[in-house]
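Taken in order, these protein sequences are the chains called A and B. Using the working numbering, read the first sequence as starting at 1 and increasing by one per residue. Using the working numbering, read the second sequence as starting at 82 and increasing by one per residue. Just so you know, even glycine gets a beta-carbon here, dropped at the ideal spot from N, CA and C. Reviewing the structure listed below.
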Amino acid sequence: MCLAIPSKIVKIENNVATIDVDGVRRQASLLLIESPKIGDYVIVHAGFAINKINEEDAMESLKLIREAASLIFDKPKKGDG
Amino acid sequence: MTLKHIQEYRDPGISRKIVERIKEISQKQIRLMEVCGTHTTSIFRNGIRSLLPETISLLSGPGCPVCVTAQNEIDAFIELSKFDDVIITTFGDLMRVPGTHSSLQNQRANGRDIRMVYSTFDALEIARKNPEKKVVFLGVGFETTAPTIAASIITANKMNLDNFFVFSAHKVLPPALFTLMESREDTKIDGFLLPGHVSVIIGTKGYQPFFETYQVPCVVAGFEPVDILQAILMLVEQIETGKPKLANGYQRAVTFDGNRKAQTIMQEVFETADANWRGLGIIPLSGLKTRKEFAAFDAQQVFDIELGETEDPKGCACGEILLGLKTPPECPLYKRKCAPLQPIGPCMVSSEGTCAAYHRYHDI
Ligand code: SF4
């Protein structure tokens with residue numbers, strides 16, 4: 001039931017947004033989120049935007065994951081095959 | 082245009098590195114459980130089970146809302162559909178779930194007015210256009226769905242719609258985690274992947290009482306392969322170092338406090354009550370019933386529907402599957418009598434159910 005992919009708000013009218021997911025346009029109610037703006041990315045569940053996605057956080061977490069992952073490959077491998 | 086990070090969270094290169102790291106540090110034999118239907122689907126679709134070392138078993142818990150809906154609730158939905166002036170509105174997944182004698186799909190084939198909707202607002206619209214009819218929405222889902230339905234009740238109230246009703250069979254997730262930890266010793270679960278979108282609403286805060294009681298490793302996870310693998314890695318690290326935490330692996334969407342606006346709306350309309358979960362039984366304060374102030378919208382009261390005593394379908398192992406005691410191939414009906422087009426239990430009906438996911442992605 002969840003649309004896990006964030007959708008972009010392209011229009012807002014009467015607290016209803018037109019959202020765009022990979023070119024597909026739909027409507028989503030904005031009743032459940034605080035101060036939505038055009039251009040925000042939101043997660044939509046059953047026709048409602050339920051939160052905004054923070055792109056900076058997304059990239060920051062990725063950076064940390066990458067760093068952690070690359071660290072192990074800098075270490076000599078354990079010899080247990 | 083897709084967000085840049087989405088592609089990266091699907092990057093097989095990063096996934097492979099995380100898997101390597103998991104293999105390097107995982108020593109103990111552990112059982113991890115995910116309690117989110119969308120995780121179940123994503124884990125199967127991305128073949129994540131097969132990537133993990135043999136030390137790790139992944140179990141699918143009671144995270145699919147349709148699968149945990151009790152048989153007597155399904156029967157109640159079917160009873161409602163028998164009123165001549167009622168239009169039933171529902172999300173699609175519920176249609177094929179067999180009740181004791183029928184299913185919504187059968188009822189529709191028999192001429193009852195049952196309509197699938199994408200959002201509760203579609204149901205409001207149907208109510209507005211059909212003032213001579215009574216429109217009932219079947220409210221099934223967890224904290225992700227409940228606020229959307231609460232919002233529709235508030236909207237109906239504002240619009241003075243007197244022909245819109247909700248049957249609330251909603252459930253809240255954290256109490257079920259307690260039940261999972263209290264079940265038999267052989268179901269011991271070493272760590273939980275917590276659901277991403279329930280957590281969007283309740284925040285990591287919502288699991289604190291649970292975590293403080295059991296000190297079991299918990300990580301909130303997103304839905305892309307990198308999200309899920311990273312959360313598994315975090316769980317393995319906690320288990321191997323003996324330092325359980327309640328951690329957030331989905332920071333781009335989940336905060337500590339969650340979505341307060343949604344919480345407020347949900348609490349305005351619903352209050353917690355004991356609820357019957359298929360396979361898990363009655364769990365105290367794990368359901369959401371409509372508050373007195375909104376009783377005029379409560380289908381169960383307005384139509385005076387009694388929840389009967391009903392048994393789960395004979396031979397269906399859904400209950401044990403939801404507890405992590407069995408896998409679908411261990412159910413004698415799996416693939417023989419029970420398949421997606423002819424489901425016997427709800428775990429095969431919902432696309433998020435464990436049996437349906439096995440059926441689709443497992444070649445056994
Ligand atoms: S295979 Fe069918 S009968 Fe068996 S547990 Fe799953 S849903 Fe129930």
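- Query: Cα separation between I309/B and H120/B?
  - Reply: 8 Å
- May I ask you to check if the CB of L175/B is nearer than 8 Å to at least one heavy atom of the ligand SF4? no
- Task: Please classify N329/B: is it buried, with 16 or more other beta-carbons within 10 angstroms of its beta-carbon, or exposed?
- Result: buried
- Item | Per-residue contacts from A232/B into chain A (C-beta, under 9 Å) | S29, L31, L32 and F48
- Task: State yes or no: is the C-beta of I155/B nearer than 8 Å to some heavy atom of the ligand SF4?
- Result: no
- Task: Can you grab the Cα-Cα spacing for the pair P76/A / P179/B, in whole Å?
- Result: For P76/A, the predicted model reports a pLDDT of 47, less than 50, meaning its position is unreliable; a value from the coordinates is still stated below. The straight-line gap from Cα to Cα measures roughly 56 Å.
- Query: When burial is assigned at 16 or more other CB atoms within 10 Å of the CB, is L161/B buried or exposed?
  - Reply: buried
- Endpoints, alpha helix (DSSP H) assigned at A250/B: Looking at the DSSP string, A250/B is not in any alpha helix (DSSP H), and its letter there is neither H nor E.
- Task: Let me know the secondary structure DSSP gives E349/B once reduced to three states.
- Result: helix
- Query: Which class does F273/B belong to by DSSP, given the choice of helix, strand or coil?
  - Reply: strand
- Item | Inside the region 146–196 of chain B only - beta strand (DSSP E) runs reaching at least 3 residues | 167–171
- Give the straight-line distance between the Cα atoms of L62/A and E89/B, rounded to the nearest whole angstrom. 8 Å
- Measure the Cβ-Cβ separation of T285/B and T336/B and say whether it is below 9 Å. yes
- Beta-carbon separation of P146/B and G173/B under 9 Å? no
- Compare the C-alpha of D393/B against each of G405/B, W358/B and K370/B and name the closest. W358/B
- Message: Any C-beta of chain B within less than 9 Å: which residues of the region 52–66 of chain A qualify?
- Response: K52, I53, N54, E55, E56, D57, A58, M59, E60, S61, L62, I65 and R66
- Say whether chain A places a C-beta atom closer than 9 Å to the C-beta of V307/B. yes
- Message: Let me confirm a value: D379/B is counted as buried when at least 16 other C-beta atoms fall within 10 Å, else exposed. Which label applies?
- Response: buried
- Task: Would you give the residue range spanned by the beta strand (DSSP E) that A377/B belongs to?
- Result: Neither: A377/B is in no beta strand (DSSP E) and is coded neither H nor E.
- Item | Beta-carbon proximity list for G303/B, same chain, < 6 Å, skipping 5 on both sides | G277 and Y331
- Item | Segments of 4+ residues assigned as alpha helix (DSSP H) that fall wholly inside the region 369–420 of chain B | 380–383 and 399–403
- Task: Consult DSSP for P122/B and reduce its assignment to one of helix, strand or coil.
- Result: Residue identity check: residue 122/B is Thr in the sequence provided, not Pro. Three-state result, T122/B: helix.
- Item | Cα-Cα separation between T171/B and E67/A, rounded to whole angstroms | 45 Å
- Query: Is there at least one Cβ from chain A nearer than 9 Å to D203/B's Cβ?
  - Reply: yes
- Query: Taking 8 Å as the line, does the beta carbon of C299/B fall inside it for any heavy atom of the ligand SF4?
  - Reply: no
- Item | Reduced DSSP secondary structure (H/G/I, E/B, other) of R441/B | helix
- Task: Quick one: grab the DSSP three-state call for T18/A.
- Result: strand
- Output yes if chain B places a C-beta closer than 9 Å to the C-beta of I43/A; else output no. yes
- Report the three-state DSSP secondary structure of F304/B (helix, strand or coil). coil
- Message: Please list the terminal residues of the continuous beta strand (DSSP E) segment that includes G220/B.
- Response: K215 to G220
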